[in-house]
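Undergrad:
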Amino acid sequence: MKILAIDTSTYTLSIGLSDGDVVLAEQVTNVKKNHSTRVMPAIEALMSEVGMKPRDLNKIVVANGPGSYTGVRIGVTIAKTLAWTLNIPITAVSGLASLAASAPLIEGLVCPMFDARREQVFTGLYRLSNGLVESVKEDQNVPVVDWCQELLRMGEPVLFVGQESIIYEQVIAEVMGNAAAFAGKSVPYTRPAALLSLASGMEQDPSQVVPNYARLAEAEANWLKANEKKEKSDE
Amino acid sequence: MKKDIFIFGIETSCDETAAAIIKNGTDIIANVVSSQIESHKRFGGVVPEIASRHHVEQIIAVFEETLEQAGLTFQDMDAIAVTKGPGLVGALLVGVNAAKAIAFAHDLPLIGVHHIAGHIYANRLVQEMSFPLMSLVVSGGHTELVYMKEHGSFEVIGETRDDAAGEAYDKVARTLSLPYPGGPHIDRLAAAGQDTYSLPRIRLEEGSYDFSFSGLKSAVINTVHNAEQRGEKIIPENLAASFQASVVDVLTEKTVRAAKEYGVKQVLLAGGVAANKGLRASLENAFGKIESIDIMIPPISLCTDNAAMIAAAGTILYEQGKRDGLDMNGHPGLDIEEF
Ligand SMILES: [Zn+2]
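Residue numbers (this note's numbering), protein chains in the order written: chain A, 72 to 306; chain B, 1268 to 1606.
1. Report the rounded CA-to-CA distance for A/Leu75 versus A/Leu128, giving the unit in angstroms.
2. Below 8 angstroms, is the gap between the Cβ of B/Asp1430 and the nearest heavy atom of ligand 1?
3. List, from N- to C-terminal side, the alpha helix (DSSP H) runs of 4 residues or more that fit wholly inside the segment 1375-1427 of chain B.
4. Cβ of B/Glu1278 less than 9 angstroms from any chain A Cβ?
5. I'd like the span of the alpha helix (DSSP H) that includes B/Ser1568, first residue to last.
6. In the DSSP assignment, find the beta strand (DSSP E) that holds A/Cys182 and state where it starts and stops.
7. Comparing alpha-carbon positions, which option in B/Asp1477, B/Gly1498, B/Glu1395, B/Gln1587 lies nearest B/Thr1519?
8. Taking the CB atoms as reference points, tell me whether A/Ser169 and A/Thr81 lie closer together than 9 angstroms.
9. With a threshold of 8 angstroms, establish whether the CB of B/Asp1572 neighbours any heavy atom of ligand 1.
10. Which one or two residues does DSSP pair with A/Glu205 in a beta bridge?
11. When DSSP labels each residue in this structure, what does B/Glu1283 get in the three-state scheme?
12. Quick one: using the 10 Å Cβ neighbour count with 16 as the cut-off for buried, is B/His1492 buried or exposed?
13. Taking only beta-carbon positions, decide if A/Thr152 is within less than 9 angstroms of chain B.
14. Please confirm whether A/Gly136 and A/Val121 have their CB atoms less than 9 angstroms apart.
15. Spatial neighbours of A/Glu235 within its chain, please: CB distance less than 8 angstroms, with the 5 preceding and 5 following residues excluded, ordered by chain position.
16. So does B/Ser1280 have its beta carbon nearer than 8 angstroms to some heavy atom of ligand 1?
17. Run the CB neighbour count on B/Ile1327, radius 10 Å, all protein chains shown included, and call it buried at 16 or more, exposed below.
18. Quick one: list the residues of chain B neighbouring A/Leu157, beta-carbon separation under 8 angstroms, in chain order.
19. Threshold first: 4 residues or longer. Then list the alpha helix (DSSP H) segments lying entirely within the segment 77-156 of chain A, N to C.
20. Could you give the first and the last residue of the continuous alpha helix (DSSP H) run that contains A/Met247?
21. Assess contact between the segment 1513-1527 of chain B and the segment 1386-1395 of chain B, defined as three or more Cβ pairs (one per stretch) separated by less than 8 angstroms. Is contact present?
22. Under 8 angstroms, CB to CB, which of the residues in the segment 1301-1317 of chain B have a partner in chain A?
23. Chain A partners of B/Ser1331, CB-CB under 8 angstroms?
24. Under 8 angstroms: does the beta carbon of B/Ser1406 sit that close to some heavy atom of ligand 1?
25. In angstroms, rounded to a whole number, what distance separates the CA positions of B/Lys1484 and B/Ile1560?
26. What in chain A is Cβ-close to B/Arg1320, meaning under 7 angstroms?
27. Please decide whether A/Met247 counts as near chain B, where near means a Cβ-Cβ distance under 9 angstroms.
28. Less than 9 angstroms separating the beta-carbons of A/Gly202 and A/Ser257?
29. Would you please verify whether the beta carbon of B/Phe1273 is less than 9 angstroms from any beta carbon of chain A?
30. Where DSSP assigns a beta bridge to A/Val192, which residues make up the other side?
31. Need the endpoints of the beta strand (DSSP E) that B/Leu1535 sits in, please.
32. Using 8 angstroms as the cut-off, can you tell me whether the segment 1367-1380 of chain B makes contact with the segment 1397-1405 of chain B, which would need three or more C-beta pairs spanning the two stretches below that distance?
33. Where does B/Met1563 sit, in a helix, a strand or coil, going by DSSP?
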């Protein structure tokens, strides 16, 4: 069972290969560079390094967002096209879930976070126990302060992971006080091994795999707003 | 016996998700286009982010239907050709990365194609090209005269200095409160009207093959505005006919002059605006009188964006040994003379 894992939902490029039980290779680059030119060459190089051919693959697992729209699309497009054309199953998992799963040996609530700009974040709440990750609050695009107030009401400590949570460390601490702990530096991004460990999730038809942007396109949001107003004034 | 060449083409540069299979650069084996136009209508134009989202949702279904139509698999293909520019960058990246994944999975050569080269090569799906030739490329984003002395060689001898012809059509359509996309509506109205508004023909300086449509667009807006102020009613059919006559006159005149000066054997019409009936009729009429020059106008389905044209152009590049690597990028402003 040879599995390829791809996560390009932030500027971090994470690729992993396993034979089902053992992680054979991981590649992470954490620099702001163009995914479009780098993902396929990175996959090709990593596979050749471990002596794997495309047709050896049995499964693909991909992070389908939320995150950078373009980044998510590049990863999803490559993953679904590969899975479809190689006729192998694909599992799409949340990039936030795989970031949460990258926190080692934690028991309890973990909050992965990507910056979404304008004091907003892409985030969700997960519970890690016995090395398994379970969704507690679904992935969303939310203002940081609102989100922290919601987390505070859980009445449990929360571990924040992901390097982009560092941007909001002060804001989070102000709302949550001692209920917040920070591991943005030691768990900065998704480990490919964590994404590979989620490969046993639900298999999907490659043609049906789509990004989860957790946010409407701006034009669509504006259009909906304008039409709501129109409906109200028509009443 | 020479082996047949099968090229799988992919096009996602704007708002059509398309794939096709072409044999020997000339025969359409499969041609699938999934249009997003309904989705963009409510915004009055193509929204790049929405276009990218649709591409990633539709692309596998389009690929599947293409292989099904052809009854072929990627094992039968010689290469994957994909539009690498120009176009909307987010939209291009979906096609480019899908193409790379297929090329990698099946160890096939990867060929990046210039979108406008594709439009020109749509003609080869109808009739063999003979060189030298002149191509008039008119679309929402382009108005160019491209001289080709041989396959794969493109020299832009004239281009628009402001709006593309298609852009002017959309803007004039908006002035006349016609729905998006405006081109076909103007064309339809024009057929029912007369050239009565005596709009300017903008020819630029003597001898230039460049175009300019923004002055004409302003003249239309002023005409509407002045009529409103005088309390007169505009006759939309006549205004559409006058606008179209001005565009078509200039396009035809410069194309004829360029074709003669460069001594070409063929003139090709290419791009989405090539679907315009007024332009087709005018060019057919003008070149019908010049025996030494053939005019070629592809059927409307091949004028608008499709992947058959990308595979057709890709075939020539394949034969010329041009290849792209897995690090190929999308190039929103790709230059046809350098690609
Ligand atoms: Zn086009």
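Backbone N, C-alpha and C define an ideal beta-carbon position, used for all residues, glycine too.
TA: Judging by the given coordinates:
1. 7 angstroms
2. no
3. 1382-1388
4. no
5. 1567-1570
6. 179-186
7. B/Asp1477
8. no
9. yes
10. A/Arg198
11. strand
12. exposed
13. yes
14. no
15. Thr81, Met184, Phe185, Asp186, Val192, Gly255
16. yes
17. buried
18. Ala1372
19. 106-120
20. 240-247
21. no
22. Arg1309, Phe1310, Val1314, Glu1316, Ile1317
23. The question names Ser, yet the displayed sequence has Glu at residue 1331 of chain B. Those are Trp155, Ser278, listed as they occur along chain A.
24. yes
25. 32 angstroms
26. Ala288
27. no
28. no
29. no
30. A/Asp186, A/Val213
31. 1533-1537
32. no
33. strand
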